[in-house]
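Notes follow the structure.
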Amino acid sequence: MSDLQSQDYVRRSATTMTPPMARSHEDQVAKLIDVSRCIGCKACQSACMEWNDLRPEIGHFEGSYENPMDLGPSVWTLMKFNEYENEQGNLEWLIRKDGCMHCEDPGCLKACPAPGAIVQYANGIVDFISDKCIGCGYCVKGCPFDIPRISKTDHKAYKCTLCSDRVTVGLEPACVKACPTGAIMFGSKTDMTHWAGERIEDLKSRGFENAGLYDPPEVQGTHVMYVLHHADRPSLYSGLPDEPRISPVVQAWKGILKPLAVIGIAAAALAGFFHWVTVGPNEVQDEDEAEADRAMREVEEEEKSP
Amino acid sequence: MAMTRREFIKFTGLGLTASSLGLLGFGAAGVAQAAAVRPFKLTHATETRNTCTYCSVACGILIYSMGDRAKNAVSNIIHIEGDPDHPVNRGTLCPKGSALLDIVHAPTRLKAPRYREPGSAEFKEVSWDFALDRIARLIKDDRDKHFQTTNANGTTVNRWTSVGMLAASASSSETAFLTWKVARSLGMVVFDNQARV
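Printed below as a string of structure tokens:
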């Protein structure tokens, strides 16, 4: 049976409290995608679909190496290709494996109104709990990386789980295992950051002076990190956000408006209660009854007369 | 239980308020949740080592099939991934290898020898016995007719040039050794293998 239980949740959607953590010493995990070693073979895509039993509909050639053209409820990871002409006039083929970044501060979880539909485990994985999902699509709006997709079949949100079912039993995610060039690595967040440091040093020695790690502080870091040769311009890599931010609408709605609304509702209830205590219920007086009888009679007479 | 209209409305209102407050986040969040992660599907699956069917790199694969091979359980392949102990790929696989499961279950997968008779436009399924007998017969006839024992200078040779053979790429060393012995002992010189690439 699974090892990940409510005690392992560090965050839970639409919940002001998280369950107490009895076991607090779990290592944080991370997936490191070294863009400079990726050859765009899509083994990760194949392995992801195979392990997770996903078979998206076979589409048509759209004039791009991307296949299919976008992430979907059954496409949890996707190779994105960008042809970039650098300052020296040389073509650089920038290939990036797109998918959930497993943010430390997940926008999807913040935006989600269904209690427990999105959770974050102590190891950092952000997971969608489908049977609690109500299919509202707020997570799509909340995600700074545009990752979740709503299924048209069952109207629930889907995205990469970082193979939580494999990680739970001590295995690496399917994409990591398949990668033939070692461009995708998996381990503790500390080890992955260290590994990335070595790679970046190597890239810098080969003339990529802007090489660096993509672990955006705007979402308090991610559990899927990239080694980029142009870390100063992440947007070169098929729209990887330079500064990923949770939408201000979500921030305002969940951060300010919701507490205010709760206070408003509570104040209205309280006012109602005190009104009932001080003024009391609206009693029916004799003259009211008489007035009502008169009105009834009038109506009855009107109905009879024509 | 007798209830006046007013009481009924009061209770309904109370229930509505309570449930609204629960939805607004005042609920008992510590309520134990069932384990949420998808159960690991390979716990008791049978693991079989094999070689990837595709190219000459010959990656090691682990084939997982459901059931523990008990008498009444019919095995069915449910998952294939790289063999981490195999020196060639150390657990990795290419996109084709990663998708092997769908090759195994493909409705178009070739499962028996097929034979197109001379002059016929269609393949028909035949038995292995028929196929092997037919191949052996044709090989024997052709070799008897064209086998050369001496070359132009009169030197003794072991040479059969009129028939060639393409051997499988994903062969183990042992299979490759036997294939080589069979082909060369017949005197076959036109002999190739994708594993040479």
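Chains as they are written, first to last, in the working numbering: chain A, 12 to 317; chain B, 209 to 405. The beta-carbon is built from N, C-alpha and C at its ideal position, and this holds for glycine as well.
(message) For B:ASP337, report the span of its alpha helix (DSSP H) as first-last.
(response) 336-354
(request) Step through the CB atoms of chain B and report whether any lies within less than 8 Å of the CB of A:ASP176. (result) yes
(request) Mind checking which residues open and close the beta strand (DSSP E) that includes A:GLU220? (result) Run containing A:GLU220: none; DSSP gives neither H nor E here.
(request) Can you check DSSP and say which residues form a bridge with A:GLN131? (result) A:ARG22, A:VAL137
(message) Buried or exposed, going by whether 16 or more other CB atoms sit within 10 Å of the CB of B:GLY290?
(response) buried
(request) Tell me the start and end of each unbroken beta strand (DSSP E) in the stretch 196-263 of chain A that is at least 3 residues and wholly inside, in chain order. (result) 223-225, 235-239
(message) Determine, for B:ARG367, whether the minimum Cβ-Cβ distance to residues of chain A falls below 8 Å.
(response) no
(request) Can you give me the Cβ contacts of A:SER246 inside the same chain, cut-off strictly under 8 Å, excluding the 5 residues immediately before and after it? (result) PRO252, ASP253
(message) Would the stretch 359-371 of chain B count as touching the stretch 328-345 of chain B if we require 3 or more Cβ pairs under 8 Å?
(response) no
(request) From the DSSP output, read off the bridge partner residues of A:ASN93. (result) A:LEU105
(request) Sort out for me which residues DSSP pairs B:LEU270 with in a bridge. (result) B:ARG257, B:GLU289
(request) Flag B:ALA307 as yes if its beta-carbon sits less than 8 Å from any beta-carbon of chain A, otherwise no. (result) yes
(message) Please classify B:ILE288 as buried or exposed, where buried requires at least 16 other C-beta atoms within 10 Å of its C-beta.
(response) buried
(message) Once DSSP output is grouped into helix, strand and coil, what is the label at A:SER162?
(response) coil
(message) Quick check: is the beta carbon of A:LYS265 nearer than 8 Å to any beta carbon in chain B?
(response) no
(message) I'd like to know whether the C-beta of A:LEU281 is nearer than 8 Å to at least one C-beta of chain B.
(response) no
(message) Can you check which of these residues, A:LYS215, A:HIS36, A:ASN78, is closest to A:ASP53 by C-alpha distance?
(response) The sequence given here has Lys at residue 53 of chain A, not Asp. Of the listed residues, the one whose Cα sits closest to A:LYS53 is A:ASN78.
(message) Would you say A:PRO159 lies against chain B (beta-carbon separation less than 8 Å)?
(response) no
(message) I want to see whether chain B comes within less than 8 Å of A:ASP304, judged by CB atoms only; does it?
(response) no
(request) Give the DSSP-derived three-state secondary structure of B:MET373 in the structure shown. (result) strand
(request) Could you pull the start and end residues of the alpha helix (DSSP H) that A:ALA44 belongs to? (result) The sequence shown places Ile at residue 44 of chain A, not Ala. First-last for A:ILE44: 40-45, but that is the beta strand (DSSP E), not the alpha helix (DSSP H).
(message) Counting only Cβ-Cβ distances shorter than 9 Å, please list the residues of the stretch 282-300 of chain A near chain B, keeping chain order.
(response) PRO292
(message) Just to confirm before moving on: does the CB-CB distance between B:ALA378 and A:GLU61 stay below 8 Å?
(response) no
(request) Give the straight-line distance between the Cα atoms of A:TYR248 and A:GLN39, rounded to the nearest whole angstrom. (result) 26 Å
(request) Would you identify the three-state DSSP class for B:ARG322, choosing helix, strand or coil? (result) strand
(message) So, with DSSP's three-state summary, where would you put B:ARG367?
(response) strand
(request) Indicate whether B:ARG277 and B:THR256 have their beta-carbon atoms separated by less than 8 Å. (result) no
(request) Tell whether a beta-carbon distance below 8 Å holds between A:ILE129 and A:SER258. (result) no
(message) Quick check: B:ILE271 and B:THR259, are their CB atoms within less than 8 Å of each other?
(response) no
(message) Any C-beta of chain C within less than 9 Å: which residues of the stretch 308-320 of chain B qualify?
(response) Chain labels in this structure do not include chain C; the protein chains are A and B.
(request) Express the C-alpha separation of B:ARG351 and B:GLY299 in angstroms, rounding to a whole number. (result) 44 Å
(message) Three or more C-beta pairs under 8 Å: does that hold for the stretch 122-139 of chain A against the stretch 98-110 of chain A?
(response) no
(request) With a 10 Å radius around its C-beta and 16 neighbouring C-beta atoms as the bar for buried, classify B:SER228 as buried or exposed. (result) exposed
(request) Would you mind sorting A:THR233 into buried or exposed? The rule is 16 or more other CB atoms within 10 Å of its CB. (result) buried
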